[in-house]
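Number 31 in the UniProt record's numbering belongs to position 31 of the sequence shown; there are no gaps in the numbering.
Here a beta-carbon is modelled for each residue, glycine too, at the ideal position from N, C-alpha and C.
One structure below.
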Amino acid sequence: MSEMSPKEFKHILVGVDDSDDAQLAFRYAINRAKTDGAKLTIVSILEQDNMNVYEAMSKDFIHGQRADLEEHVRQYEKLATKFGVKDVRSIVDEGDPGETIVKDIIPAIKPDLLVIGSISKQGVRKYFGSQAAYMAKHSPISVLVVR
């Protein structure tokens with residue numbers, strides 16, 4: 001019986017927010033991308049459900065939140081590059097994280113692995129955790145949930 005070699009991925013998509021699990025997912029993704037020589041795309045979604053009605057109506061608030069998130073994702077991008085991943089890019093979008101990633105981002109950029117954290121945080125910053133099950137179930141590509 002020949003041994004199966006682990007699959008090498010060509011394009012890894014990692015979802016990040018500010019949870020500890022997202023940091024773990026990111027660390028796994030940069031290690032894997034470096035090992036496989038894969039392209040890495042870092043994604044974060046601005047979830048408007050978490051805003052109150054006045055915040056959601058304020059263009060300035062949304063713009064400010066999005067700018068903060070874009071800066072946060074740029075820091076991840078710098079870390080990945082510094083770590084030695086050759087091809088790194090990032091995407092910031094708005095909407096429901098699970099649906100946006102599965103229905104919009106994956107079809108648009110065609111990665112072959114999605115890496116996400118598992119913990120659902122309470123309150124304003126519960127970006128991805130509660131979405132992990134949705135993404136694992138509906139994603140057209142392999143999903144690695146990091147704990």
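Measure the Cβ-Cβ separation of residue 196 and Ser44 and say whether it is below 7 Å.
Since the first residue shown for the chain is 1 and the last is 147, residue 196 is missing from the structure and cannot be characterised.
Do Val53 and Leu69 have their C-beta atoms within less than 7 Å of each other?
The residue given as residue 53 occupies position 53 in the sequence shown. The residue given as residue 69 occupies position 69 in the sequence shown. Contact: no.
For Gly37, does the count of other Cβ atoms within 10 angstroms reach 16, so buried, or fall short, so exposed?
Here residue 37 is taken as the residue at index 37 of the sequence shown, counted from 1. Exposed is the call here.
Am I right that Ser118 and Asp20 are in contact with their C-beta atoms under 8 Å? What's the rounded C-beta distance?
Within the sequence shown, numbered from 1, the residue matching residue 118 stands at position 118. Within the sequence shown, numbered from 1, the residue matching residue 20 stands at position 20. Actually they are not in contact, since the Cβ atoms of Ser118 and Asp20 sit about 10 Å apart, beyond 8 Å.
Is it true that the CB of Ile12 sits closer than 7 Å to the CB of Leu113?
Residue 113 sits at position 113 when you count from the first residue of the sequence shown. Residue 12 sits at position 12 when you count from the first residue of the sequence shown. For Leu113 and Ile12, yes; Cβs fall inside 7 Å.
What residue range does the beta strand (DSSP E) around Gly64 cover?
By 1-based counting over the sequence shown, the position of residue 64 is 64. Counting along the chain, Gly64 falls outside any beta strand (DSSP E), though it belongs to the alpha helix (DSSP H) covering 59-83.
Drop a sphere of 10 angstroms on the beta-carbon of Met135, count the other beta-carbons inside from all chains shown, and report buried for 16 or more, exposed for fewer.
The residue labelled residue 135 in the question sits at position 135 within the sequence shown. Buried, by the Cβ-count rule.
Buried or exposed (CB count within 10 angstroms, at least 16 for buried), Asp17:
Against the sequence shown, residue 17 aligns to sequence position 17. Asp17 should be labelled buried.
Excluding the 5 residues flanking Lys39 on each side, which residues of the same chain have their C-beta closer than 6 Å to its C-beta?
Stepping through the sequence shown from its first residue, residue 39 is reached at position 39. Contacts found: His11, Asp87.
Locate the alpha helix (DSSP H) running through residue 148, then write down its first and last residues.
Lying outside 1 to 147, the shown extent of the chain, residue 148 is not represented and no answer is given.
Would you list the one or two residues that DSSP bridges to Asp93?
Counting from 1 along the sequence shown, the entry for residue 93 is found at position 93. Bridge partners of Asp93 according to DSSP: Ile45.
Opening and closing residue of the beta strand (DSSP E) in which Ile116 lies:
Translated into the one-based positions of the sequence shown, residue 116 becomes position 116. For Ile116, the enclosing beta strand (DSSP E) covers residues 113-117.
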